[in-house]
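Quick notes on the structure that follows.
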Amino acid sequence: MRISFCCTNTKAEPWLQGFRQALPGAVVEEWLPGAPPADHAIVWSPPQQFLDEQPGLKGIFNIGAGVDALMKLKLPAGARVVRIDDGGMAVQMAEFVSHAVIRHFRELDAYQADVAQAKWSFRRPHQRKDFPVGIMGLGVLGERVAQAIGHFDFPLLGWSRSPKSIAGMQCFAGAGQFDEFLLRTRILVCLLPLTPDTQGIMDRENLAKLQRGGYVINVARGAHLVDEDLIALLDNGHLAGAALDVFRTEPLPVEHPFWKHPKITVTPHTSARTLREESITQIAGKILAMERGEPVAGVVDPQRGY
Ligand code: NAP
Ligand code: GLV
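Below, the structure written as structure tokens:
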């Protein structure tokens, strides 16, 4: 079995070593143009040329959860695209989003500013009933985030494509229930995959439906958000702030207004990192399962795009 590794912006050697150890019977090589065709591919944002040269691929294993970059390419006809299914990302996302929610709710940035001036100050505590948290996307990551936020007793809402029943959460589904979900939400968390249906979903019209004093946490993809619409709603006071981990252009250009906006916190796409060892174990297991003809988790549905 031949496995080709083609991951943009990724140091190949530790991955190659890990896969060679996990799959001792396989030839595992970094792709170079003109390399022999492989049975499986390990990818992150590969060039179209790579896929064009690999017509016989059975599995294309994405070393991240989001497959939006891959699904824009022309894929070999018989190949299944498989994404990372948690692989240690869900707990990272849970801690990151919990931190963002609590930092906003407890006004920790304002305390930090006071402390920086040696000022011993108190703010009137907010009531958590006034801070309903709405999570868009109730998949592997969204559900784990919901579980974590639930421990802090915020009212919890969720929105997904298909109907769900999750303990402690008011669940909404589909376009028909989207407005109701937004109208009841104050802190909005985006954990949707980026697809034609979800591109630009956080635009002025939708963000204006959030409760006054709304707060936006985008940890999915930059293109879910219309940047200028967020800024307009922050500047007119409808929204109180935003924690943004993902951007339309990454790295976020130095001249982008998000960097210096007083109501925006920027992090460099780090809310849930791909963990190499966990990912190698998961992907190697799936390659072997696929070779035995067994089903594997995390196979992308090309129609849905996630
Ligand atoms: P997932 O398991 O595929 O879950 C996706 C969820 O979104 C599902 O609940 C799905 O609904 C819902 N959804 C999809 N399209 C929808 C639509 N049109 N309307 C309403 N709901 C829709 O994905 P995941 O593993 O949780 O990951 C989510 C995303 O997080 C990834 O695609 C990636 O872009 C992003 N991510 C970011 C980072 C980071 O570091 N910032 C790290 C990892 C992942 P159904 O349940 O009904 O199918
Ligand atoms: C990171 O953004 C991922 O999709 O895994």
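Quick note on numbering that gives the first Met the number 0: the sequence shown kicks off at 0 and runs consecutively.
Backbone N, C-alpha and C define an ideal beta-carbon position, used for all residues, glycine too.
Between residue 219 and the ligand NAP, is there a pair consisting of the residue's CB and a ligand heavy atom that are separated by less than 6 Å? With a threshold of 6 Å, the Cβ atom of residue 219 counts as near the ligand NAP, since some heavy atom of the ligand is closer than that.
Taking the runs of the alpha helix (DSSP H) that are 4 residues or longer, which of them lie wholly in the segment 100–144? The segment 100–144 contains, as complete alpha helix (DSSP H) runs of 4+ residues, the segments 107–115 (chain order).
According to DSSP, which residues form a beta bridge with residue 89? Looking at the DSSP output, residue 89 bridges to nothing.
Go through the segment 7–76 residue by residue and report every complete run of the alpha helix (DSSP H) that reaches 4 residues or more, in order. Qualifying alpha helix (DSSP H) stretches, in chain order: 11–21, 47–51, 67–70.
List, from N- to C-terminal side, the beta strand (DSSP E) runs of 3 residues or more that fit wholly inside the segment 140–192. Counting whole runs of 3 or more residues, the segment 140–192 contains the beta strand (DSSP E) stretches 155–159, 169–172, 186–189.
Evaluate residue 61 with the Cβ neighbour count: other Cβ atoms within 10 Å of its Cβ, from every protein chain shown; 16 or more gives buried, anything less gives exposed. So residue 61 ends up on the buried side.
Reduced DSSP secondary structure (H/G/I, E/B, other) of residue 246: Residue 246: coil per DSSP, three-state reduction.
Strand pairing of residue 238, partner residues [DSSP]: Paired residue(s): 213.
Could you give the first and the last residue of the continuous beta strand (DSSP E) run that contains residue 263? Run containing residue 263: 263–265, per the beta strand (DSSP E) assignment.
Give me the Cα-Cα distance between residue 280 and residue 50, rounded to the nearest whole angstrom. Approximately 24 Å, taken between the alpha carbons.
Shorter than 7 Å from the beta carbon of residue 56 to some beta carbon of chain C? Structure shown: chain C not included; a single protein chain is present.
Taking only three categories from DSSP, how would you classify residue 279? In the structure shown, residue 279 adopts helical secondary structure according to DSSP, grouped into three states.
Classify residue 83 as helix, strand or coil using the three-state DSSP reduction. Coil at residue 83, not helix or strand.
Close beta carbons around residue 208, own chain, < 8 Å, minus the five adjacent residues each side: Answer for residue 208: 178, 181, 182, listed in chain order.
Residue 226 versus residue 300 - alpha carbon distance: In a straight line, the C-alpha of residue 226 is about 29 Å away from that of residue 300.
Residue 9 versus residue 270: straight-line alpha-carbon distance, rounded: Residue 9 and residue 270 have their C-alpha atoms roughly 18 Å apart.
Between the segment 150–167 and the segment 117–134, do at least 3 Cβ pairs fall closer than 8 Å? Yes, the segment 150–167 is in contact with the segment 117–134.
Please state whether DSSP places residue 272 in a helix, a strand or coil. Under the three-state reduction of DSSP, residue 272 is assigned to coil, being neither helix nor strand.
Considering only the alpha carbon of each residue, which of 118, 162, 21 lies closest to residue 275? Residue nearest to residue 275 within the set 118, 162, 21 is 21 (criterion: CA-CA distance).
Close-in-space but distant-in-sequence residues of the same chain around residue 142 (CB under 7 Å, 5 per side omitted): Once the five neighbours on either side are set aside, the close Cβ partners of residue 142 are 165.
Distance, residue 158 Cα to residue 99 Cα: Near 20 Å, if we compare the C-alpha coordinates of residue 158 and residue 99.
Using the C-alpha atoms, what's the distance from residue 30 back to residue 160? CA-CA distance, residue 160 to residue 30, rounds to 37 Å.
Contacting residues, own chain, Cβ-Cβ under 6 Å from residue 78 (five flanking each side not counted): Correct list, in chain order: 56, 59.
Could you tell me whether the segment 76–94 touches the segment 107–119, using the rule of 3 or more Cβ pairs below 8 Å? No contact exists between the segment 76–94 and the segment 107–119.
Residues with C-beta closer than 5 Å to any heavy atom of the ligand GLV, in chain order: Residues with a Cβ closer than 5 Å to any heavy atom of the ligand GLV, in chain order: 63, 64, 65.
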